[in-house]
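Structure record follows, encoded as structure tokens.
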Amino acid sequence: MNIETMKSVILVILIAFSLVLSVALWNYQPETETVDDDGLIEDTQLDEDIGGEQTIPGLVIPDQVVFHEEGTSYSFKDSDDEWSFFQQIQEWELSAMDLNPDPINFENHENAVEVIFPTTIPLQTVGDLFMADRELLGNTTQSFDRMFLVHHANDQPPTSYELWFVDSEGDGDIAKLQATISASAGERALSVLSNKDELQEQVRVADAFGNEETEGMGAQHIYLPKEEVSIPRVVLQQTESIPVTPLRNDLFPSPDLVSIYNTNSGARRAKTAERQLDAIDERRMEYVVMIPNSANSSNLGSYELLTKSVEDVNSHLGWTNDFRLNELLSYQNLNQVQYRMYHNDLPIMENQDTTGLANILLSYEQGEIQTYNRPLIKFESVNEQVLGNIPSGEEVLEDLQQSGNYDLEDIQGLEIRYKLEEQNNRLVFNLIPKWYIQTSTGSWNELYGENLTMQNEEVS
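Quick note on numbering: the UniProt record's numbering labels position 222 of the sequence shown as 222, and the sequence is numbered without any gaps.
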């Protein structure tokens, strides 16, 4: 073979190799996917069998209703009775509303009903929870966390009942609103006291600390069931994963170009120049706007924050389990709202292995969503069994006294909650009833360890 022939063969080989490379390049698909404008007009809502919409009355629900009768306190035994009572009081028609009431005074009242909410909420929600004058409440920036129903002992028979909306986190139980309801509505509410079989006696935390002086009936009045209570241990099954695509389509506005890829940590990430959404283990979602929106220079008020968060989750039918308002923070540059999952009317607490599976957390900056963290799994109860009583309120208070770990002014909350624990197969979870305590730091900690001794382990 002469040199010219060899050159021709080499040239043919090079041309063929070039063609192979060109075809490979034409057919090459990068690991990074994109969602173009057409992809962003897909569904922006979850299926109705997975999630749904909610309202403020469906999310702002009291943690406890306490009936006071001549120095003794009671609460409902059955959570269904408490729920029915709350639905009943939503029918109250408020009149003679006074946004500048005199200081609250309970000395002239024989009986009272105390409704305790899980966090401080804006006074404007009274217009959502009751039949009330929304226009009168429209401009107020006050808040409350407790409501009291009372009537004067010397008003016999009562012609009306008083409602007091109180901020117990302020100094001296500051009343923010006073109103009246009809005598028939008030009598029906207090008639619960006539059937003690449906109630359980409560003990007051302050009484365990030497009856220290307290003002009114505020933050230091925390009530625990006096006797042991039977609360079932629950087995939850993960029914299905919540698809992240509708959430992504709702959170990433058109015509953003979204890149989708796997991170080194294993999360499935959707990202633009301004927004990022991580689906972690197909179990939870973390969304953040990396560049704050500067179009709106004003922060949200607490009522605006509440209503906007409800609307934003409603927009993609994002209420996938029994979520309820747990915390509402609106001051200076902090606008944050947390909704906690409940079961059997008890809040669910996470541990290290179940972080992010029982909470919806939204924060806002410049009036728009800045972060949005939520679970991507849906639960269903498959078994409930009472395996033994947990310590009674009296036992808990005795243990608190003996431990010496807490002062009265440091205790902000004390109640039974469920702890969410994951079984080995990652599809089944346990809800274990436990005592939890909230301190002045705001965190809720599990009160007892596995051996029922006091501990200070912080949990989410």
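Even glycine gets a Cβ: it sits at the ideal position worked out from N, Cα and C.
Quick caveat, the model's predicted, so the values are computed rather than measured.
DSSP-derived helix/strand/coil call for residue i
i      : result
ARG248 : helix
TRP435 : strand
TYR303 : helix
GLU457 : Its pLDDT being 44, under 50, GLU457 is placed unreliably by the model, and nothing is read from it.
TRP83  : helix
GLY216 : Below a pLDDT of 50, predicted positions are generally treated as unreliable, and GLY216, at 45, falls in that range; the measurement from the model is reported next regardless. In this structure, GLY216 counts as coil in the three-state DSSP scheme.
VAL386 : coil
VAL396 : helix
ASN405 : coil
ASP98  : strand
ILE242 : coil
ILE291 : coil
ALA267 : coil
GLN124 : helix
VAL192 : helix
GLY58  : helix
VAL321 : It is worth fixing the name first, because residue 321 is Asn in this sequence and not Val. In the structure shown, ASN321 sits in coil (DSSP, three-state: anything other than H, G, I, E or B).
ILE119 : It should be noted that the sequence gives Thr, not Ile, for residue 119. It is a strand residue.
LEU129 : helix
SER315 : coil
GLU368 : strand
GLN156 : coil
LYS226 : coil
LEU25  : For LEU25, the predicted structure reports a pLDDT of 44, less than 50, and the residue's modelled location is therefore unreliable. The matter cannot be settled from this model.
ASN89  : What sits at residue 89 in the sequence shown is Ile, not Asn. Helix at ILE89.
LEU257 : coil
Same chain, Cβ closer than 6 Å to residue i, neighbours up to 5 away in sequence not counted
i           : result
residue 472 : Look at the range of the chain in this structure, 1 to 460, and you will see that residue 472 is not part of it.
ILE280      : ALA267
GLU227      : SER392
PRO158      : HIS151, ALA183
VAL428      : GLN237
ASN451      : Its pLDDT being 49, under 50, ASN451 is placed unreliably in this model, and the coordinates cannot settle the point.
LEU59       : ARG324, LEU325
MET341      : ASN321, PHE323, ILE348, ALA358
ASP63       : ILE116, PRO118
LEU277      : ARG248, ALA270, TYR287
SER73       : VAL66, GLN202, TYR223
LEU190      : ASN111
TYR303      : PRO122, GLN124
In DSSP terms, what residue i is bridged to
i      : result
HIS68  : SER73, ALA112
PHE209 : In DSSP, PHE209 forms no bridge with anything.
LYS419 : MET349, ILE432
PHE165 : MET147, LEU177
ARG275 : VAL289
HIS343 : LEU346
MET233 : Sequence inspection shows Arg at residue 233; the Met mentioned does not correspond to that position. In DSSP, ARG233 forms a bridge with GLN385.
Beta-carbon proximity check, residue i vs residue j, cutoff 7 Å
i           : j      : result
LEU376      : PRO246 : no
VAL65       : PHE85  : yes
PHE203      : GLY71  : The sequence as given places Val at residue 203; Phe does not occur at that position. Against a cut-off of 7 Å, the Cβ pair of GLY71 and VAL203 comes out as no contact.
VAL337      : LEU305 : yes
GLN200      : PRO225 : yes
TYR287      : LEU251 : yes
LEU414      : ILE222 : yes
VAL235      : ASN383 : yes
LEU420      : GLU327 : no
ASN335      : TYR364 : yes
GLU274      : ILE260 : no
residue 465 : GLU422 : The structure shown does not extend to residue 465, since the chain is modelled only from 1 through 460, so no value can be given for it.
TRP164      : ILE89  : no
GLU162      : ASP81  : no
LEU362      : SER309 : yes
THR120      : GLU169 : yes
SER230      : VAL386 : yes
GLN370      : VAL289 : yes
TRP92       : ILE181 : yes
C-beta neighbour in chain C for residue i, strict 7 Å
i      : result
ARG417 : Going by chain labels, chain C is absent from the structure shown, which holds only one protein chain.
Spatial neighbours of residue i in its chain, beta-carbon cut-off 7 Å, leaving aside the 5 residues before and after
i      : result
ILE61  : PHE86, ARG324
HIS68  : ASN111, ALA112, GLU114
GLY127 : ARG134, LEU137
GLY52  : LEU317, TRP319
Residues near residue i by beta carbon distance below 8 Å, same chain, minus five either side
i      : result
THR44  : PRO246, ASN249, ASP250, SER315, HIS316
GLN142 : LEU99, PRO122, LEU123, ASP167, LYS176, LEU177
ALA208 : LEU397, GLU398, LEU400, GLN401
GLY301 : PRO122, THR141, SER330
THR55  : ASP128, VAL310
THR439 : TYR406, ASP410, ILE411, GLN412, ASN445
Exercise. Would the region 376-390 and the region 429-444 be scored as touching if the rule is three or more Cβ pairs under 8 Å?
Worked result: yes
Exercise. Can we say the region 234-248 touches the region 308-324, given the rule of at least three CB pairs closer than 8 Å?
Worked result: yes
For this session: May I ask you to verify whether the region 145-152 touches the region 183-195, counting CB pairs closer than 8 Å and requiring at least 3?
Result: yes
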